[in-house]
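All the letters of the sequence shown, read from the start, carry residue numbers 2 to 198 under my numbering.
Inspection log for the structure reproduced underneath, given as C-alpha cells.
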Amino acid sequence: MLTLLKKYCSTKLMVVTMGNNPVEMRGCGRSMLSVYLSYSLALALCVVIVILVFGLRKTKADLRSVGVELERCQLTLEISEDVGRFGSWHMNAATNVVRWSDYIFDMHERRQSLGNPMLENAISYYHPNDRHMVESAVQLALEEGEDFEFRARIITEQGNELPVLARGTCQIGGDGKVLGIFGCFVDLSTPEDRKSS
C-alpha cells in the first residue's frame, strides 16, 4: 500500500474516492506520506496503550490475589504460633534490630507499642546466668555464620521466669557476610508454670 501511495503521490494530481464522491488532491507528494506515517504511529501508540492498560489490570488482579494469599499465610502463622506456643524473629545485622512476631511479644509480656528491641535489649531479657551463653551463640553466628540452638530462661516484663528453646539460622549474602539471623522461640513452660506466674 505504501508503494501505491508513493506512486500516486509522485504525480501532482490524485483522485481519492470518499464514499461515492471523488475528491481531487493536488500536490500530495511527501506531505501525504508524512500524514500516513503520523496516522500509523498514532494507531501503533493506541495499540500499545491498550495492551499496557490490559497488562496493568492483570497485574493489579494478580497483586490482589497475592495479597489475599499473604494475609491467609500470615493468619495461619499466627494461629500456628498460638497453638504451638512458638514465635519467630529476625535480627538485622546492619541495624541490630530484632523483629519479633506477636507471640514473642506475648511471651516476653512486652507491649508492642515499645517496638522491636535492639539486640542488646533482647538479650537482656535472658536470665543473668544464661546471658553469656546467648551472647556467645549470637556472636559466633554473626562472625562465622554458625547456626545455633539452646535452652535458656527469659525474665518477662512482669518478672516471670519462662524456659524457652531458641534456634537461629544465619542469612548469608552473596559476598559471604552474615546479613541477619532468622530464628524461633519455643515456649517450654508447662501449664502449671503459667498458672503460678
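Ideal Cβ positions, reconstructed from N, Cα and C, are used throughout, including at glycine.
Remember, it's a predicted structure, so these values are computed and weren't measured experimentally.
N-terminal and C-terminal residue of the alpha helix (DSSP H) that residue i is part of
i, result
"residue 137", "132-145"
Which of helix, strand or coil DSSP assigns to residue i
i, result
"residue 162", "strand"
"residue 188", "strand"
"residue 116", "coil"
"residue 86", "coil"
"residue 167", "strand"
"residue 93", "strand"
"residue 68", "helix"
"residue 56", "helix"
"residue 127", "strand"
"residue 179", "strand"
Where the beta strand (DSSP E) through residue i begins and ends
i, result
"residue 153", "149-156"
"residue 100", "99-101"
Cβ separation of residue i and residue j, assumed to be a contact under 8 Å, to the nearest whole Å
i, j, result
"residue 98", "residue 117", "5 Å"
"residue 93", "residue 175", "Actually they do not touch by this definition, with Cβ atoms about 17 Å apart."
"residue 1", "residue 121", "Outside the shown range of the chain, which is 2 to 198, sits residue 1, and nothing can be said about it."
"residue 88", "residue 186", "5 Å"
"residue 164", "residue 143", "In fact, because the Cβ distance is near 25 Å, the residues do not count as touching under 8 Å."
"residue 105", "residue 127", "With a Cβ gap of about 13 Å, residue 105 and residue 127 do not count as contacting."
"residue 132", "residue 124", "6 Å"
Quiz item: Is the region 144-161 in contact with the region 56-66, if contact means three or more CB pairs nearer than 8 Å?
Solution: No, the region 144-161 is not in contact with the region 56-66.
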